[in-house]
Every structure is written in C-alpha cells, then in structure tokens.
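Here the sequence shown is numbered in our numbering, starting from 35 and rising by one per residue.
Just so it is clear, CB atoms sit at the ideal spot from N, CA and C, and this is done for glycine as well.
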Amino acid sequence: MFKIKLLLSVLLLLVSASVGQSGQLNSADILDMYQEAMEKSLLLRKKCAHKEEIKQKDIEKYEASEGYKTEVYTSTSERTYLRDSNRIDCRNEFEVIELNTKNKYQHLRNEECGFTAYNLLGESSPFITAYKKNPRGFELRSLDTAGAAFEGYITGDSYKFLWEVLKGEKDLRLRDEIEEIDGHKTYVLEAKTNHGHYTLWIDPNCGFNLRRCIVHRKDNDLIDGEPLNKPPKQPSSPLYGRKRFPVIEHIFKLDSVKIKNFDGLFLPVEGIVTLNQKFSNGGEYNRQHSYKRFDIDLDPDFSKFEKAFVLDVPDGTRVYYRDMPDTGVLYTWQDGEVVPDTDDIVIEEIDKTTKQIMENGDVPLKLGSVKETENTDDEPNVVGNTQADVADSQPEILSETNIPSFYILIPIGLLIVAVIGWKVFGRLKT
35 MFKIKLLLSV
45 LLLLVSASVG
55 QSGQLNSADI
65 LDMYQEAMEK
75 SLLLRKKCAH
85 KEEIKQKDIE
95 KYEASEGYKT
105 EVYTSTSERT
115 YLRDSNRIDC
125 RNEFEVIELN
135 TKNKYQHLRN
145 EECGFTAYNL
155 LGESSPFITA
165 YKKNPRGFEL
175 RSLDTAGAAF
185 EGYITGDSYK
195 FLWEVLKGEK
205 DLRLRDEIEE
215 IDGHKTYVLE
225 AKTNHGHYTL
235 WIDPNCGFNL
245 RRCIVHRKDN
255 DLIDGEPLNK
265 PPKQPSSPLY
275 GRKRFPVIEH
285 IFKLDSVKIK
295 NFDGLFLPVE
305 GIVTLNQKFS
315 NGGEYNRQHS
325 YKRFDIDLDP
335 DFSKFEKAFV
345 LDVPDGTRVY
355 YRDMPDTGVL
365 YTWQDGEVVP
375 DTDDIVIEEI
385 DKTTKQIMEN
395 GDVPLKLGSV
405 KETENTDDEP
415 NVVGNTQADV
425 ADSQPEILSE
435 TNIPSFYILI
445 PIGLLIVAVI
455 GWKVFGRLKT
C-alpha cells in the first residue's frame, strides 16, 4: 500500500507543476486526471474507518391553507463508517433538535446484499429494508449527500460519478484563467448538458479534489433520469401529505472544502453542501449540510469495533425486500440471516383456505383434490349445500359425490402440520 501511495504522490507532484500553464492541458485532460485521482483514492481506501459529523439545517417553505408557512428543522448526526473491500458498515445516530427526536440507523452491505436497519433506539419497533441490486447506489446512500459529494457523486446524477456524467460532452470546456478558491489555485471546468449546467473547481495541488462544485438544473433538465419539471405524483389523500408542485429550478453546491494529506493521499475532510429547490407555486426548499470527517484510519483493525460488519438487530425483526417481486412471503432476521417468517405464512394460508371454503364450499386446488368418498356417516352436508332450498327444514343427505366437512378439514390439518414441521426443521438446521 505504501508503494502505491508513493507513486500516487509522485504523479500528483509532477502534474501540479503545470499549474498556471493551462495552455498545456485541455478540459478532457483535467477531467481524466480528476477521474484517475478519485479512482485511485477509492482503491486505496478499500479498507478504512472514520467517523463523520453532519450538521444540517432544513428550511422548507410551502403553500398552506393559511398562506405561506416556513418550517425550520436543525438536525445533527454522527456516523461511524467502516469499509473493507466489498463490505460497508455505517452506523448513524440522528437527532432533530426542534422535534426533540432521536433515532439510530445502520447500513450494512456485504458482497450479495445490502441492509438498512431503522429504529434502533428502542422507542419503536425496528425493521430492516434489504437491497440486492445497485451496490454503488447503496454505498452512496450510506454516505449521505455531503459524503457522497466528496466521493465525486452529485445528487440527481442517478448514482453516476461526475466524470461519468461529463465524459464525452461536446460542451465541456476549461476556463482560460486559473481561479483561486479559499486561497487555492484551481482549474475550472464547465459543461452544459441535458442534466444541467456543471461548474467544477479542481485543485491540482491537492489530489485533483474538488474545491467547489455547482450544478444548476432548470426546466426539463434531467434529475435522476426524469425531467426536472415533470409533474410530481400527488398523494392519494390529503391525510397523507399536502399537494405537490413541479420543481422549476434545482441548485446543488459543494463549497468550503478542506483537504488533508495522508502520506500522499489527499482526502476532503470538511465541506458544506447546500440544496435549493424552487417550485412552480413560488415555494422553496433549502437544505444545508455542514460535513466533517475525523478519526480517519486507512489501515484499521476492525476487531476493535464492536460487532463490525454485523447487523445489530434482534432476532425476529421484520425484513422488507425493496427490489424483489412481491411473492407474498414475509421475512424476518434470524441468527444473522434473512429467513421466511413461517408463522405468518401459516396464518395467511389458513385464512385464505378458510375464506375460500366459506365462500365456495370447495377445497382450494393447491391443497390437493379429494376423491369421491363413500358415505359411511349420516352427517348433513353443511358445507357444500350452498344451493339448498331454504324452506326445506331437513338438511340434504350426502350423496357419493358430496364431501363431508370432516374430510375437508384433513388437508387443512396436513397443511398446518407440514408447515410447522418445516419451521421446526429450519430452526434445528440453523
């Protein structure tokens, strides 16, 4: 690892000597260097640990029945972030000051699946959402808006890095003049794309990291693959939220970035991200993140972290799959794995079976068919006699093709026994 850092350091020193000689570099060159430096940084930090402190202020202005109303929420969160190759463990303690609410989340990603556990402070029942797809998107979500910007991802770019969005853009250009940001000389790249207008201030003396970035979207510019001004989906009822209006302008800004040198590896450790949205009815939404990384360890001993890369939730916690077809199967967390909740399966199947028998007088096909049975009892046909004459006070006597209720209950009983046996076997197996 030390050799790689040394090579990267030498490369950056050689490139930084060209600052002020913008005639030797064009916009594509600068973008390539930014991409190369960022990808090497991500590679070197495949194993790392750090903490993050995020202070954000949300100001939302919207049209309510009493006119314009402004709500201000200030929140803080502190995260412990662990990364080991393809594994991620991010734990976030979150507090909204004005509402006096606290919560705790955990984001866990292994090679196959990602999990987010909510409500881990015990104030309400915890639950888990699971994701099998898009590991990059999961990683960036766990970093939140400001942290993701440090990795080269901007809100609304459909989980694509900046260089992926701007690669090949014909309108990409490098400003002629070197510009200073907070006393640091930077190259300035600009591009007008169908995703909006991008301006990047890149510092070649500090690992080609961003010192500032502004993305301005308006009208039908794309945000997460959809036109910005596309009419939003309205809530199904006033009880579930106020009327939503199209967004006509969206501005993302990363600024006040501080960068630290870790033996030749330059990492942004502090910055401010602001988001501003303007709506067609005159309303606005503003959010500001003040972001700071500390306790950065590029070669951590994960054994020092309690339950590192383990989802810290009790057995029996409900699991919801976000990107799997709705098969009707319910899942819970058991012994570090997602397993079908057979208790709920039993109840659901019994309810379905009972309802079908009561409505139709028939045994469901999936429970198997009952052959014609010779009547050896004198029981009345109370299940199948749905067409009996109401005026007839005597119940209809079963013929050879009628099915006694006793036999109808047999497949139900077998179903219950089979599923309970499956559940017990699964418990013994784990």
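Starting from residue i, trace the beta strand (DSSP E) in both directions and tell me its first and last residue.
i, result
"Q311", "L299 to F313"
"Q368", "Y365 to Q368"
"A151", "G148 to Y152"
"V344", "First-last for V344: undefined, no H or E at that position."
"R352", "R352 to Y355"
Roughly how many angstroms separate the alpha carbons of residue i and residue j, rounded to a whole number?
i, j, result
"E129", "N137", "6 Å"
"Y221", "K294", "19 Å"
"D118", "S314", "45 Å"
"L78", "L301", "11 Å"
"Q69", "I282", "31 Å"
"H141", "N239", "34 Å"
"A180", "S111", "12 Å"
"A164", "D375", "15 Å"
"L234", "G186", "11 Å"
"W197", "Y107", "34 Å"
"N168", "D289", "28 Å"
"E86", "K287", "19 Å"
"T135", "G370", "29 Å"
"D210", "L59", "11 Å"
"L364", "G148", "18 Å"
"R356", "E73", "29 Å"
"Q322", "H231", "20 Å"
"G316", "L208", "35 Å"
"Y354", "H229", "32 Å"
"L155", "G202", "47 Å"
"D349", "Y115", "24 Å"
"N153", "M67", "42 Å"
Beta-carbon within less than 6 Å of residue i's beta-carbon, same chain only, minus the 5 sequence neighbours each way: which residues are those?
i, result
"E318", "K95 and K312"
"P280", "N263, P265 and S314"
"S109", "Q90 and V130"
"V291", "R245, P302 and G305"
"K326", "E87 and E304"
"N10", "Any answer about residue 10 is impossible in this case: the structure gives the chain only from 35 up to 464."
Within the same chain, show all residues whose beta-carbon is closer than 7 Å to that of residue i, passing over the 5 residues directly before and after it, in chain order.
i, result
"D178", "I88"
"A151", "Y139, Q140, P160, I162, L345 and V347"
"N254", "P261, L262 and N263"
"E105", "E94"
"Q268", "K277 and R278"
"E145", "N120"
"V372", "A164, V353 and Y365"
"D258", "G190 and S192"
Pick helix, strand or coil for residue i, following the three-state DSSP scheme.
i, result
"F161", "strand"
"A425", "Interpretation of A425 is limited by its pLDDT of 37, a score under 50 that renders its predicted location unreliable; no figure is taken from the coordinates."
"E318", "strand"
"S324", "strand"
"K277", "coil"
"L256", "strand"
"F336", "helix"
"I437", "Residue placement at I437 is poorly supported in this model, since its pLDDT is 46, which falls under 50; the coordinates are not used for a value here."
"S26", "It is not possible to answer for residue 26, since the shown part of the chain is limited to 35 through 464."
"V373", "strand"
"D32", "For the chain, the structure presents residues 35 to 464; residue 32 sits outside this window and is missing."
"G241", "coil"
"S270", "coil"
"V417", "With a pLDDT of 35 at V417, under the threshold of 50, the modelled position of this residue cannot be trusted; read the value that follows with caution. Residue state, collapsed to three classes: coil."
"E145", "coil"
"L262", "coil"
Which residues in the same chain have their Cβ closer than 8 Å to the Cβ of residue i, if we skip the five residues on either side of it in sequence?
i, result
"D331", "C82, A83 and H84"
"L206", "S61, A62, L65, L200, L223, E224 and A225"
"E194", "Correcting the residue identity first, residue 194 is Lys in this sequence and not Glu. So the qualifying residues of the chain are Y187."
On the DSSP letters alone, give me the boundaries of the alpha helix (DSSP H) that residue i sits inside.
i, result
"S133", "The sequence given here places Leu at residue 133; Ser does not occur at that position. That residue, L133, is in no alpha helix (DSSP H); it is neither H nor E in DSSP."
task: Let me know the beta strand (DSSP E) ranges lying completely inside the stretch 156-239, each 3 residues or longer, listed in chain order.
output: 161-165, 213-215, 218-227 and 230-237
query: If you scan the stretch 63-143 from start to end, which runs of the beta strand (DSSP E) of 3 or more residues do you find wholly inside it?
result: 81-98, 101-118, 121-130 and 135-143
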